[in-house]
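There are 2 protein chains.
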Amino acid sequence: MPPDPLSSTFAALADPTRRAILARLALGETSVMELAKPFDMSLPAISKHLKVLEHAGLISRGREAQWRPCRIAPASFQQVDGWLGNFRRFWDESFNRLDGLLEEMKAEEAAEAPPRTTRKVNNRKVRVTKEKQRGRTRG
Amino acid sequence: MPPDPLSSTFAALADPTRRAILARLALGETSVMELAKPFDMSLPAISKHLKVLEHAGLISRGREAQWRPCRIAPASFQQVDGWLGNFRRFWDESFNRLDGLLEEMKAEEAAEAPPRTTRKVNNRKVRVTKEKQRGRTRG
DNA sequence: GCATTACTTAGCTCATCGGTTAAATAACCT
DNA sequence: AGGTTATTTAACCGATGAGCTAAGTAATGC
Chain A
6 MPPDPLSSTF
16 AALADPTRRA
26 ILARLALGET
36 SVMELAKPFD
46 MSLPAISKHL
56 KVLEHAGLIS
66 RGREAQWRPC
76 RIAPASFQQV
86 DGWLGNFRRF
96 WDESFNRLDG
106 LLEEMKAEEA
116 AEAPPRTTRK
126 VNNRKVRVTK
136 EKQRGRTRG
Chain B
6 MPPDPLSSTF
16 AALADPTRRA
26 ILARLALGET
36 SVMELAKPFD
46 MSLPAISKHL
56 KVLEHAGLIS
66 RGREAQWRPC
76 RIAPASFQQV
86 DGWLGNFRRF
96 WDESFNRLDG
106 LLEEMKAEEA
116 AEAPPRTTRK
126 VNNRKVRVTK
136 EKQRGRTRG
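So the protein sequences, as listed, match chains A and B.
Numbering-wise, the first sequence is residues 6 to 144 according to the numbering used here.
Numbering-wise, the second sequence is residues 6 to 144 according to the numbering used here.
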C-alpha cells in the first residue's frame with residue numbers, strides 16, 4: 006500500500022537530519038557532498054535521506070556531470086501548509102479575529118478600489134465579506 | 006535520547022489515522038469512544054494514537070467522570086507553522102515579494118508618522134496595497 | 001458489592017527506519 | 001584504458017512503530 010503523499014511528507018520531515026538538509030537547501034541548490042559535510046554520518050546514509058526527501062516531494066534533483074544537485078521543491082511544502090491551514094484558527098489570532106480584519110479590509114477597499122469579494126492573503130483566498138465567528142468553547 | 010519536539014510532532018502527523026483524529030477534534034472536543042467510531046481498528050490502537058498525539062503536544066486531555074475528552078492543543082501546530090515559515094518564500098507569492106515589502110517598510114520608517122501600508126495577516130506582515138510580480142529565477 | 005462503561009497497559013508480531021560497510025555505477029580527466 | 005571523484009545500491013542490524021488480544025484500572029449506577 007503506497008502511503009498517501011501527506012503522510013510521506015510528514016514522515017520525511019520527522020527527522021532532524023532531513024530538516025537540517027532542507028534548511029541548508031533553503032540557502033540554495035547544492036551537491037550531495039556539500040550537503041553531507043555538516044553531518045557525522047556516512048554518505049550512503051545521506052543518500053538515503055535525500056531519497057526520502059525526494060520521494061516526499063520536498064526536493065528535486067538535477068544532473069550536472071557527476072553531481073546531482075538538490076533543491077527545494079515547493080509543492081509538498083505547500084500541501085503541508087494547506088493542511089495546517091485547517092487548524093490555523095486554533096493559534097493564529099488574526100484568524101480567530103477574522104471578522105474584524107476582513108471588515109477593515111472591506112472598508113478600505115470600498116473606499117479606494119474595485120469591489121472584489123476575495124483577495125489573496127499569503128496565497129490563500131480569503132473572503133472579504135464578513136464571516137461570523139462561531140461560539141466555540143475553546144481556551 | 007528524547008527526540009526533539011518538532012520531530013515528535015512531525016512523526017505524529019505522519020499517520021493518516023492521527024490526522025483524521027485531529028480533523029475530527031478541529032470540530033470540537035470529544036471522547037475517545039467518539040473518536041474511535043469512524044475507524045476499523047481496536048480501541049487500544051486508538052488509545053495509542055492519542056498518546057502519540059498528546060506526547061507530540063498536538064492534543065490535550067481532560068477528565069470528566071469515566072471519559073477523557075480530547076481537544077486540539079495549539080502550541081505544536083504553531084511550532085510546525087513557524088518552522089514551515091522558513092520555507093514559505095519558496096511557494097508563497099506574497100512572501101516572494103519580500104523586497105517590495107521591505108522597501109515599503111523602509112519608506113514607512115522614513116515617513117515617521119504611520120500611514121500604515123502593511124498589516125498583520127495570519128501573524129505575518131503582508132502588503133495590503135497592490136502587488137507586482139517580479140521575475141524570480143526559481144523553478 | 002457487582003456489573004457496566006470507558007479507557008489504558010502489557011505483551012506479542014511484523015514491517016519499516018536509520019544507520020553501517022562493501023560493492024556498483026556514472027561522469028570526468030589524463 | 002585506467003584512475004579519480006561523486007553518488008547510489010545491496011545486504012545487513014538494532015530500534016521503533018502500528019496493529020492485535022487479553023487483562024487491568026477507574027468511575028457510574030443498580
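Quick reminder that beta carbons are idealized off the backbone N, C-alpha and C, glycines included.
Source: prediction; values computed, not measured.
- Residue A:M38 holds the alpha-carbon nearest to the alpha-carbon of W72 (chain A) among A:M38, A:P21, A:A25, A:S12.
- Interface annotation, A31 (chain B): in contact with chain A, CB-CB separation under 8 Å.
- For the segment 64–83 of chain B, the residues whose beta carbon sits under 8 Å from a beta carbon of chain A are, in order, R76, I77, P79, A80, F82, Q83.
- Secondary structure within the segment 67–103 of chain A: the alpha helix (DSSP H) runs of 4 or more consecutive residues, fully enclosed, are 79–90, 98–101 (chain order).
- Taking a Cβ-Cβ cut-off of 8 Å, the neighbours of A16 (chain B) in chain A comprise F15, A16, A19, given in sequence order.
- Three or more beta-carbon pairs separated by less than 8 Å are not found between the segment 25–37 of chain A and the segment 33–47 of chain B, which leaves the two stretches without contact.
- Contact between F44 (chain A) and T14 (chain A) is absent: CB atoms are separated by about 22 Å, not below the 8 Å threshold.
- Interface criterion not met: the Cβ of S47 (chain A) is under 8 Å from no Cβ in chain B.
- One alpha carbon belongs to F82 (chain B), the other to W88 (chain B), and they sit about 10 Å apart.
- Close to N91 (chain A), with beta-carbon spacing below 8 Å, are these residues of chain B in chain order: A28, A31.
- Looking at the DSSP output, I64 (chain A) shares a beta bridge with A:I77.
- By alpha-carbon distance to V85 (chain A), the top candidate from A:A61, A:R29, A:S99, A:R66 is A:A61.
- Bridge pairing for T14 (chain A): absent [DSSP].
- By the Cβ-count criterion, P79 (chain A) is buried, with 16 or more other Cβ atoms from all chains shown falling within 10 Å of its own Cβ.
- Straight-line spacing of the CA atoms in P49 (chain B) and S99 (chain A) works out to 38 Å.
- Among the CB atoms of chain B, none fall inside 8 Å of the CB of V57 (chain A).
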